[in-house]
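Enquirer:
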Amino acid sequence: MIDIHTHILPGIDDGAPDIETSVQAMRAAVDAGITDVVCTSHFLRGQYHNPRSITLPLMQELQALARKHDIPLKLHIGAEVMLDSTIPESIGELELFIADTHYVLVESEINAMPVNFLDLLFEIVRRGWKPVLAHPERYPAIMSNLSIAEDLLHRNVHLQINSGSLLGGYGGKVQETAWKMIERGCAHFLASDTHARGNENTLKKATELLTERFDAYTVELLTRINPAKLLADEPIDYVYLNLVKQPKQQNLFTRARDFLLGR
């Protein structure tokens, strides 16, 4: 698996506090079946100023330690970028994008999206970037109105679900929203968002549960196929499922698996 959202770089945000914890987080990732990790430390004005000039040397140091300790994990640089009015121009200037791609992991205030939320995303897209919205299932606005997530797909925004959300780690309503988003095709990635606070990466348990409730292909799509395309800077389908309503007497939805792969 490829984990595109982690906070394992030491001492620069609310993730791993030191290098020992970072190494422990890398071991936990490998134990969970992860082969690649994107190091997405927070970039938040006035609190976490983490341009690539700061994060890349730390990632290189951590990669060297992985080799030293025989940890078979490949690291990639990135950031989790808090949206503000200057972010669209800062993505390129401060190299806040993922690896050498046009993809950029973004987030907004959880409890209250800014009034210019859609305008900021539009400006990011207009400048040629491909925004991936982190953990949309945790936003109250989306929890109460799933059509907001569906609308984002048509605005060229990809969506990343947290594995902890599927396991109930953020509460029942977030968990319910996360499962509904996957059922409706409103998820392109499943990632851990690990902050290195334990000995286990939640991605493994979440994918096991996802396989039980859906199928192995959905896991493959969200944790390997799409993440691999992201790292290769390849296009990823925004809409990949068709929801077909059954006759009224059945009052059910079936998931028509149209992944644009002939399935």
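Quick note, the sequence shown lines up with residues 11 to 273 if you use the working numbering.
We put the beta carbon where it would ideally sit given N, CA and C, even for glycine.
From a predicted model like this one, the values you see are computed outputs, not experimental measurements.
Does the region 96-114 come close enough to the region 139-148 that 3 or more CB-CB pairs lie under 8 Å?
Expert: yes
Enquirer: Would the beta-carbon of residue 221 be found less than 8 Å away from any heavy atom of the ligand SAM?
Expert: In terms of ligand content, the structure shown is empty, and the ligand SAM therefore cannot be addressed.
Enquirer: Could you give the uninterrupted runs of the alpha helix (DSSP H) lying entirely in the region 150-195, keeping only those of 4 residues or more?
Expert: 150-154, 157-163, 173-176, 182-193
Enquirer: Spatial neighbours of residue 199 within its chain, please: C-beta separation below 8 Å, excluding the five flanking residues on both sides.
Expert: In the sequence shown, counting from the first residue as 1, residue 199 sits at position 189. Result list for residue 199: 14, 15, 142, 168, 169, 170, 171, 232, 233, 236, 237, 240, in chain order.
Enquirer: Unbroken alpha helix (DSSP H) runs of length 4 or more, entirely within the region 23-64: which are they?
Expert: 29-41
Enquirer: Around the C-beta of residue 73, are 16 or more other C-beta atoms found within 10 angstroms, so that it is buried, or is it exposed?
Expert: Locating residue 73 in the sequence shown gives position 63, counting from the first residue. Its Cβ being crowded by 16 or more others within 10 Å, residue 73 is buried.
Enquirer: Between the Cα of residue 91 and the Cα atoms of 244, 17, 75, which residue gives the shortest distance?
Expert: Here residue 91 corresponds to residue number 81 of the sequence shown, with the count starting at 1. Answer by Cα proximity: 17.
Enquirer: Could you tell me the alpha carbon to alpha carbon distance between residue 225 and residue 145, rounded to whole angstroms?
Expert: Within the sequence shown, residue 225 is the residue found at index 215, counting from 1. Within the sequence shown, residue 145 is the residue found at index 135, counting from 1. When rounded, the distance between both Cα atoms is 22 Å.
Enquirer: With a 10 Å radius around its C-beta and 16 neighbouring C-beta atoms as the bar for buried, classify residue 187 as buried or exposed.
Expert: Numbered from 1 along the sequence shown, position 177 holds the residue referred to as residue 187. So residue 187 counts as buried.
Enquirer: For the candidate residues 148, 119, 123, 81, whose alpha-carbon lies nearest to that of residue 46?
Expert: As a position in the sequence shown, residue 46 is number 36, starting the count at 1. Taking only the C-alpha atoms, the option nearest residue 46 is 81.
Enquirer: Check the DSSP bridge columns for residue 115 and list the partner residues they point to.
Expert: Taking the sequence shown and counting its residues from 1, the one referred to as residue 115 is at position 105. Bridge partners of residue 115: 90, 142.
Enquirer: Kindly indicate which three-state DSSP category residue 14 falls into: helix, strand or coil?
Expert: By one-based count along the sequence shown, residue 14 stands at place 4. Note: residue 14 maps to strand in three-state DSSP.
Enquirer: Between which two residues does the alpha helix (DSSP H) containing residue 10 stretch?
Expert: Outside the displayed range of the chain (11 to 273) lies residue 10, so it cannot be described from this structure.
Enquirer: From what residue to what residue does the alpha helix (DSSP H) around residue 216 run?
Expert: Stepping through the sequence shown from its first residue, residue 216 is reached at position 206. Looking at the DSSP string, the run of the alpha helix (DSSP H) that includes residue 216 is 213-223.
Enquirer: Could you give the distance in angstroms between the alpha-carbon of residue 136 and the alpha-carbon of residue 79?
Expert: Walking along the sequence shown from the start, residue 136 turns up at place 126. Walking along the sequence shown from the start, residue 79 turns up at place 69. Whole-angstrom Cα-Cα distance: 43 Å.
Enquirer: Could you give the distance in angstroms between the alpha-carbon of residue 133 and the alpha-carbon of residue 150?
Expert: Residue numbering aside, residue 133 sits at position 123 when the sequence shown is read from its first letter. Residue numbering aside, residue 150 sits at position 140 when the sequence shown is read from its first letter. The straight-line gap from Cα to Cα measures roughly 24 Å.
Enquirer: For residue 36, which residues from the same chain have a beta carbon less than 6 Å from its beta carbon, with the 5 sequence-adjacent residues on both sides left out?
Expert: One-based indexing of the sequence shown puts residue 36 at position 26. Around residue 36: 76, 81, 83.
Enquirer: Suppose you measure from the CA of residue 155 to the CA of residue 30; what does that come to, to the nearest Å?
Expert: Stepping through the sequence shown from its first residue, residue 155 is reached at position 145. Stepping through the sequence shown from its first residue, residue 30 is reached at position 20. Cα-Cα distance, rounded: 42 Å.
Enquirer: What does the Cβ neighbour count give for residue 259, buried or exposed, with the cut at 16 atoms within 10 Å?
Expert: As a first step, residue 259 is located in the sequence shown; it is residue number 249 there, counting from the start. Confidence at residue 259 is low in this model, with a pLDDT of 47, below 50, so the placement of that residue is unreliable and no value is reported for it.
Enquirer: Indicate whether residue 34 and residue 216 have their beta-carbon atoms separated by less than 9 Å.
Expert: Looking up residue 34 in the sequence shown gives position 24. Looking up residue 216 in the sequence shown gives position 206. Result no, Cβ atoms of residue 34 and residue 216 do not sit closer than 9 Å.
Enquirer: Buried or exposed for residue 96, going by 16 or more other Cβ atoms inside 10 Å?
Expert: Here residue 96 corresponds to residue number 86 of the sequence shown, with the count starting at 1. Residue 96 comes out exposed.
Enquirer: To the nearest angstrom, how far is the alpha carbon of residue 270 from that of residue 195?
Expert: Residue numbering aside, residue 270 sits at position 260 when the sequence shown is read from its first letter. Residue numbering aside, residue 195 sits at position 185 when the sequence shown is read from its first letter. With a pLDDT of only 40 at residue 270, under 50, the local geometry of the prediction cannot be trusted, and no value is derived from it.
Enquirer: On the three-state DSSP scale, how would you describe residue 127?
Expert: Counted from its first residue, the sequence shown places residue 127 at position 117. Looking at residue 127 - three-state DSSP - the assignment turns out to be helix.
Enquirer: For the beta strand (DSSP E) holding residue 201, just list the boundary residues, first then last.
Expert: For the purposes of this step, residue 201 is taken as residue 191 along the sequence shown, with counting starting at 1. Segment 199-201, the beta strand (DSSP E) holding residue 201.
Enquirer: Within 10 angstroms of the Cβ of residue 20, are there 16 or more other Cβ atoms? Answer buried if so, exposed if not.
Expert: In the sequence shown, residue 20 corresponds to position 10, counting from 1. With a 10 Å radius around the Cβ and a threshold of 16 neighbouring Cβ atoms, residue 20 comes out buried.
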